[in-house]
DNA sequence: AATTAGCACTCAACGTTATCGAGTGCTAAT
DNA sequence: ATTAGCACTCGATAACGTTGAGTGCTAATT
């Protein structure tokens, strides 16, 4: 792969990303100054096609990049664009300073990411079962109705109103809460199982006037937090993706929108990214789900205390403005990490 | 309006709802047995067009109903279809028996309504400020961090982690909670303002060892529940609406999808329905928002203790299967009411 | 050996034109 | 009041020609 071939490939990808039209040798020679004639470029393009970096939609058209072409572009050719400091400042202020819950922040972040990139944003909220037990409280709200509130380190708060078989005194509820906190604080929720709580319950009955059988709701409830619950997926700017000219075909629109409604599938796709730090990119058919063979994903992980807890990304056509998107996704991931890290 | 005209209008609307094609006199005569010739039907159709119940997309096409035509159909001609008992049973069981929060139920209901009707479902969750204060609890979860949990009669539960200026003892928090419950239980949240809480706070300081200035967060927080917060709108089955042949035009798809992303606008539209009991129908231009001149809404209210608290409905093309949809929407509204009424 | 000019060829996109047929309104007969 | 008959309308579809951006190949040039 000569230097000139790289230059030409880069120019073609850039051009195609801009215009969504197949790129011909003539246009290329006119707009970029390679110092060679279209004929030469044609030869190089033929080589690049041979090597599977480019393809022709039909015989008498220009070339467009293949997935392999995009991959090479993304890995070796592309120049990343930086986000303006001004924008960084204003967004940070906007998001991080707010006194609202994690859910709201995620929602806003996804909307913002979508508006910044003009593609559809996806955010995976932190997963409950991978969060860490911070605080639990049982509150009597009516005869035989107990409200259980669980606070986790990721900011997720879980409420549940539970019907208990027999009324439990406020004092006892207080005692149970305190005891559970003592024992469970700091543990990851997926490390807490029925057995562990069973042991705690048996210790508890010595200190309170509630029979063991009436404590069973605690097992039931807390251990349900231990099951992977397919953390919620938030979408932002679904309509944005329609602005892309590749979705000028009604059937494509329908298939993409159907896809975006299948939260479970999206969740699985996002799961394919290895929670490494940094930004991961999945281009077209690199992905195993054929529903999205002509979409790309750009995904980053956000963290809490060095531990990856969720993902944020963008879905768009393979002809995506990677150079912009990558920086923006990374930035939004950092915003979320920063929000979570707030004291 | 003769009886025969009504019959013909009804047949035309039915036919158009089925096929989405303009209805001609010949087809009509063939498929329905009016005992008259196409020519007669033509004359009747001309009269109906004159009276603005029908229109012609172009000179040499059949007729389609106008909004006025649909309105007449809905009010006077249509025969409502009933939902099968079997379906009623299975859905009720599915929804009402579940031990989950109102949010989840609403989400599921909207998905279900959409699947049953093949249009897009809209659900307005109960509004916090119109809910009734049931129980409040302040919980210390860390030095100078207090978790406030508010439970309302509509099943909405509000959590907020608050940074307090100085640490407050568990006992004092308990006392504050108890006192607030005593005073506020049973009140509608929009009846509770800063002033009221100010009075309570001043009484409180006599019983606890916290200075008044450190109780200000209570005012701040609780009175924020009193502002109309544009209760959340849940959408179900956005992609369903695209199956309608009227959305075979890309621009229409885009405009509808943009509309569905504007939660605020949807909220306003839903607000135009007068929370009466029963099902309300808004056909095309009857609605003042011109973005949706060719959509219809079918909306019903769900209740808690006789008080309307939220709305559920469907958005689809004016050519909607009203006879099915109306029953289904009503049914789903009843399901929600029933869920809320659970002891 | 690499580059380039020249040229014949390809093919989607677009515009023009013709045809078809479902549907209409009108008139005159029933 | 109803209907048969008929000329007319007009969107949809198909057939056809033209255009132009683009290609690959060959032969000349550097």
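Chains as they are written, first to last, in the numbering used here: chain A, 1 to 343; chain B, 1001 to 1343. We treat Cβ as the ideally placed atom computed from N, Cα and C, and that holds for glycine.
For residue 1135 (chain B), the pairing in a beta bridge is given by DSSP as B:1151. Nearest CB-CB separation between residue 86 (chain A) and chain B: not below the 8 angstroms threshold. For residue 121 (chain A), the enclosing beta strand (DSSP E) stretches over residues 120-124. Within the same chain, Cβ atoms closer than 8 angstroms to the Cβ of residue 1243 (chain B) are found at 1118, the five residues on either side in sequence being excluded. Across the set B:1295, B:1140, B:1151, the C-alpha of B:1151 shows the shortest separation from the C-alpha of residue 1101 (chain B). Fully contained in the region 56-116 of chain A are the following alpha helix (DSSP H) runs of length 4 or more, in chain order: 67-72, 85-96. In the three-state DSSP reduction, residue 170 (chain A) falls in the helix class (H, G or I). Secondary structure of residue 322 (chain A) (DSSP, three-state): helix. Against residue 1248 (chain B), the close residues of chain A are 250, in the order they occur along the chain (beta-carbon pairs closer than 7 angstroms). DSSP links residue 40 (chain A) through a beta bridge to no other residue.
For the options A:76, A:7, A:75, A:67, the alpha carbon positioned closest to that of residue 45 (chain A) is the one of A:7.
A contact between stretches requires three or more CB pairs, one per stretch, nearer than 8 angstroms, and the region 320-328 of chain A meets this requirement with the region 71-81 of chain A. Cβ proximity to chain B below 7 angstroms picks out 157, 159 from the region 153-180 of chain A. For residue 1299 (chain B), the enclosing beta strand (DSSP E) covers residues 1295-1304.
Contact annotation for residue 137 (chain A) against chain B: 1137, 1139, 1141, 1147, 1149 [CB-CB distance below 9 angstroms, chain order]. Residues of chain A with a Cβ closer than 8 angstroms to the Cβ of residue 1253 (chain B) are, in chain order, 242, 250, 253. Secondary structure of residue 1270 (chain B) (DSSP, three-state): helix. Of A:287, A:297, A:288, the smallest CA-CA separation from residue 281 (chain A) is found for A:297. Shown here, residue 1334 (chain B) sits in a helix according to DSSP, grouped into three states. Proximity of chain A to residue 1129 (chain B) at the Cβ level (cut-off 7 angstroms) is not reached, the minimal Cβ distance being about 17 angstroms. Within 7 angstroms of the CB of residue 134 (chain A), the CB atoms of chain B belong to 1141, in sequence order along the chain. Interface flag for residue 121 (chain A) against chain B is unset, since no Cβ pair is found closer than 8 angstroms. Among the residues of chain A, those whose CB is under 9 angstroms from the CB of residue 1258 (chain B) are 239, 242, following chain order. Of all residues in the region 1261-1288 of chain B, only 1261 come within less than 9 angstroms of chain A when Cβ atoms are compared, listed by chain position.
C-alpha of residue 1172 (chain B) to C-alpha of residue 1139 (chain B): approximately 10 angstroms in a straight line. In this structure, the beta-carbon distance from residue 225 (chain A) to residue 147 (chain A) does not fall below 8 angstroms. Beta-bridge partners assigned by DSSP to residue 159 (chain A): A:149.
Rounded to whole angstroms, residue 333 (chain A) and residue 301 (chain A) show a C-alpha spacing of 6 angstroms. Residue pairing for residue 1263 (chain B): DSSP places it in no beta bridge. In the DSSP assignment, residue 1006 (chain B) falls within the unbroken alpha helix (DSSP H) covering 1003-1019. When the five nearest sequence neighbours on each side are left out, the beta carbons in the same chain lying within less than 7 angstroms of the beta carbon of residue 78 (chain A) are those of 322, 323, in order along the chain. DSSP links residue 311 (chain A) through a beta bridge to A:124, A:301.
For residue 1311 (chain B), the closest C-alpha among the options B:1304, B:1305, B:1318, B:1299 is that of B:1299.
Contact between the region 1157-1170 of chain B and the region 1206-1214 of chain B is present: 3 or more CB-CB pairs across the two stretches fall below 8 angstroms.
If you check the CB distance, residue 69 (chain A) and residue 23 (chain A) do not come in under 8 angstroms.
Buried is the label assigned to residue 283 (chain A), since at least 16 other Cβ atoms lie within 10 Å of its Cβ.
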